[in-house]
Structure formats: structure tokens, C-alpha cells
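In full-length UniProt numbering, the protein residues as written are 1 to 423. Each residue gets a CB set at the ideal place from its N, CA and C atoms; glycine is no exception. Notes to accompany the following structure.
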């Protein structure tokens with residue numbers, strides 16, 4: 001017999017019919033497109049496209065070639081490397097280009113583990129990491145490594161004191177993300193880095209969500225970070241290109257073999273257009289970080305205030321220590337996929353912590369880790385704001401979302417009207 005949650009999910013999926021969507025459309029009138037999923041990906045800015053175009057057309061040479069159009073590609077790669085280094089407060093020699101954040105995370109975790117396995121096989125991380133960190137850790141466990149998954153609190157924060165207590169003589173790596181992609185919580189990276197440095201343990205952080213949201217300085221305040229992952233499409237650059245910062249002297253194996261590119265650590269012909277675009281994107285993203293973050297934060301706070309007036313909702317993640325554009329809510333008596341489908345019909349692009357769309361009824365691993373009950377986690381909604389948004393978008397979401405929630409709750413057999421809302 002299917003349990004209550006499974007029956008609820010199936011009932012909602014069945015009920016997202018043309019009739020229900022039509023009634024909502026009539027109620028709301030003509031819809032528009034509002035993109036609020038910047039944590040998933042961002043649009044490519046025009047200046048970035050213009051930077052890339054020459055290397056997709058005329059300057060197509062292989063950067064390893066000695067003739068002029070090859071040298072032009074090589075110069076573009078090194079110029080971009082310098083731009084990334086400047087934005088991160090690093091040296092150009094410490095920047096290695098990859099295919100994106102997933103590859104960077106895999107390289108950092110597995111490359112460090114295999115390079116240092118004679119010194120130990122213990123790794124420390126947290127359960128709300130992106131799967132690009134968690135899955136490599138699970139893989140390493142099958143190879144004899146021991147991984148400690150430190151618990152986080154109700155907001156998703158790890159305690160640096162608990163992390164320090166977990167360090168052993170055979171600990172060879174600590175990997176904790178800079179900020180969580182689902183709930184937006186910013187981890188105490190400076191404190192963790194200090195602990196790692198004092199114990200001589202290499203420290204990796206997935207900073208994919210951090211770039212463009214606050215300043216990084218790998219020679220200054222972030223000097224205890226040994227490796228840092230980033231991905232261009234999270235800060236208005238192209239997809240398929242990322243980078244891994246590796247502090248000079250860090251022990252790490254080469255990731256891809258077969259060529260001399262990236263100092264023989266990551267072989268393969270360089271994606272010149274993507275690299276050039278990434279360089280321009282990070283230059284733009286870090287030009288006026290505080291002013292940009294404040295603009296996004298103001299829209300986020302107004303959106304948060306309005307949504308929290310909806311009964312039976314809760315904010316997931318830290319109320320203050322969070323990314324400027326991130327909001328994650330759970331609505332009781334609602335199934336997340338149904339919520340997404342109806343918002344999409346109204347022109348609102350968002351995401352959910354529910355895995356129902358992938359054929360699984362299990363809630364987000366992040367929400368589970370912070371203690372959100374499964375029946376509530378199933379009704380989660382993530383809205384992440386960015387440069388594609390305006391105050392009018394906020395108005396539109398605040399107009400549409402309460403009515404979508406009301407429509408879905410009207411078909412729920414478990415809903416009992418109440419004015420209670422968890423702040």
C-alpha cells in the first residue's frame with residue numbers, strides 16, 4: 001500500500017490539469033516571464049558574448065600551436081587566467097581551467113585523496129554539500145577511505161569546534177562549501193580555514209555560489225583555503241567552463257592525462273572561447289560586488305516579507321547569514337513539483353528541493369540534513385534572484401504565488417486553514 005506522502009504526490013500530479021491551470025490563468029490574466037532560478041544558471045551577458053565571438057569565428061587556432069592564430073588563443077587563455085587570479089586575490093599560476101564546478105570539485109576531492117593517501121585516508125565534509133563533493137566522497141569510501149560527515153544545525157551551519165574535534169592524525173582533507181546552493185546559508189569559512197591551517201590539513205571549498213556575491217581574497221582573509229572551485233555559468237558566463245584554484249605547494253594528483261595543458265595537471269585542448277568568456281564574466285561580476293549585492297538583497301527581503309505572510313510556510317536556511325539572492329521556503333500541504341508546474345504555467349521559473357520529478361519521493365538531502373520533516377520538505381520552493389530581476393518581478397511573484405498555493409491546498413485532503421506562519 002502506498003503511504004500518505006506517495007498518495008498525496010500522485011494526487012497532485014494528476015490534478016495539475018488543463019482545467020485547474022486555465023482557471024488560475026483567467027484569475028491572474030496575461031502572464032509574463034520571471035526568471036528566479038539564478039542559483040541553477042544565469043544568462044550570458046552581452047559583453048561576455050562579444051568577448052567570446054572572435055574565438056568562435058576568426059581566432060580559432062589551437063592555443064598549443066606556434067602560428068599567429070594559435071598564439072592569439074594562448075594569449076586569450078592567459079589573459080583570462082590573470083583576470084580570475086585578480087578577482088580571487090590569487091596568482092595566475094594557481095588557476096587551472098576545468099569544464100565546470102563538478103569537475104573542479106571532483107578533482108579537488110579525489111586528486112587530494114589519492115595524492116595524500118600514504119599520509120592517511122580520513123576526509124571531513126558536511127552532508128549539505130553539492131553532490132559533486134558528496135558522490136566523490138562516497139566513491140572514495142569504496143576505495144578504503146574513511147569520510148566523516150559532520151552534522152549541521154537547523155540553519156545548515158557547521159560548528160568549527162566540532163570540525164576541529166573530528167580531525168585525526170590521518171585526516172588528509174577538509175571540504176566545506178562557501179555557501180549552500182539550496183538554502184543559501186554561508187558557512188564559517190574563515191574559522192574553518194584557520195582550524196585546518198593550524199592542523200596542517202588541506203582545505204577545499206566549493207565557492208560556485210559565492211562568486212559575484214561577496215569578495216574573496218585568497219592572499220588575505222581567505223588565505224587558509226588551499227583549493228577553491230568555481231563555475232562561469234553561475235556568474236553570467238558560459239556553461240561548460242570552470243576553474244579550480246590550487247594554492248602553490250598543495251599536494252594534488254593530475255586529473256586528466258594526455259597532454260601538457262594546465263601544467264600537465266589537466267590535459268585537453270583548451271576551450272578558448274569559454275575561457276575568454278569566463279574571464280570577462282568574473283571581471284564584470286566582481287566590479288561592484290557590494291552595490292550589486294545590496295540591490296539584490298533589497299528585492300529578496302521584500303519578496304521574503306510578502307511570502308512569509310502565506311499561512312503554513314517556513315524559511316529554510318539562516319535568516320541573515322545567507323546569499324543575497326537566495327530564498328528557500330517550505331509550504332505545508334503542497335507537493336513541490338505541482339507548485340513548480342503551476343508557477344511555470346504563470347511564467348515563473350523556480351526550483352524545488354523535492355526530487356519527485358526524478359521519480360523519487362525522497363526530499364532534498366539538504367533539507368533532510370537541517371531537520372525539515374519529509375512531509376514538509378516535499379513542499380519546498382527555491383527562488384534565487386539576480387540580474388534578470390526587477391521590482392516588478394517581485395510584485396508579480398507576490399501576486400501569483402499566494403493564489404497558486406491556495407489553489408493547491410484546496411485540493412489537499414490534509415489542509416486545515418490557519419493563519420500560523422513560521423518566521
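Of 179, 163, 339, the smallest CA-CA separation from residue 201 is found for 163.
In this structure residue 229 is in contact with residue 208, their Cβ atoms being roughly 6 Å apart against a cut-off of 8 Å. For residue 257, the closest alpha carbon among the candidates 251, 265, 250 is that of 265. Across the set 408, 278, 325, the C-alpha of 408 shows the shortest separation from the C-alpha of residue 332. The C-beta distance from residue 330 to residue 372 rounds to 6 Å, short enough to meet the 8 Å contact threshold. Residue 262 sits away from residue 114, with the two beta carbons spaced by 8 Å or more.
Looking at the DSSP output, residue 326 bridges to 384.
In the DSSP assignment, residue 205 forms a beta bridge with 228.
Bounds of the beta strand (DSSP E) holding residue 122 are 122 to 125. The residue among 171, 410, 250, 220 with its C-alpha nearest the C-alpha of residue 95 is 250. The stretch 67 to 133 is shown to contain whole alpha helix (DSSP H) runs of 4 or more residues at 68 to 88, 101 to 115, in chain order.
Per DSSP, reduced to three states, the secondary structure at residue 396 is helical. In the DSSP annotation of this structure, residue 344 is not part of any beta strand (DSSP E); the continuous alpha helix (DSSP H) holding it starts and ends at 336 to 345. The DSSP-derived three-state label of residue 218 is coil. A distance below 8 Å between beta-carbons, with the five flanking residues on each side excluded, links residue 59 to the following residues of its chain, in chain order: 69, 72, 73, 76, 272. Counted as a single uninterrupted DSSP element, the beta strand (DSSP E) harbouring residue 314 occupies residues 313 to 315. Residue state for residue 331 is assigned as strand, using DSSP reduced to three classes. Counting of Cβ neighbours within 10 angstroms places residue 131 among the exposed residues, the total staying below 16. Here residue 278 really is in contact with residue 80; their C-beta atoms are around 6 Å apart, less than 8 Å. By DSSP's assignment, residue 173 forms a beta bridge with 123.
When C-beta atoms of the stretch 159 to 173 are compared with those of the stretch 289 to 305, fewer than three pairs fall below 8 Å, so the two segments do not count as touching. CA-CA distance, residue 44 to residue 280, rounds to 11 Å. CA-to-CA, the gap between residue 370 and residue 380 works out to about 13 Å. The beta-bridge partner set that DSSP reports for residue 137 is empty. Residue 37 carries a strand assignment under DSSP once its states are collapsed to helix, strand and coil. Under DSSP, residue 348 takes part in a beta bridge, and its partners are 34.
Exclusion of the five residues before and after residue 204 leaves 108, 175, 227 as the residues of its chain whose Cβ lies within less than 6 Å of its Cβ. Here residue 51 carries a helix assignment [DSSP, helix/strand/coil].
In this structure, residue 88 keeps its C-beta atom at 8 Å or more from the C-beta atom of residue 244. The Cβ-Cβ distance between residue 386 and residue 325 falls below 8 Å.
In chain order, 94, 96, 227, 252 place their CB closer than 7 Å to the CB of residue 246, counting only its own chain and leaving out the 5 sequence neighbours on each side. Looking from the CA of residue 382, the closest CA among 180, 67, 290, 291 belongs to 180. In this structure, the straight-line span from the alpha carbon of residue 282 to that of residue 100 is close to 14 Å.
The beta-carbon separation of residue 310 and residue 212, rounded to 30 Å, does not stay under the 8 Å limit for a contact. Between residue 186 and residue 158, the C-beta spacing is not below 8 Å.
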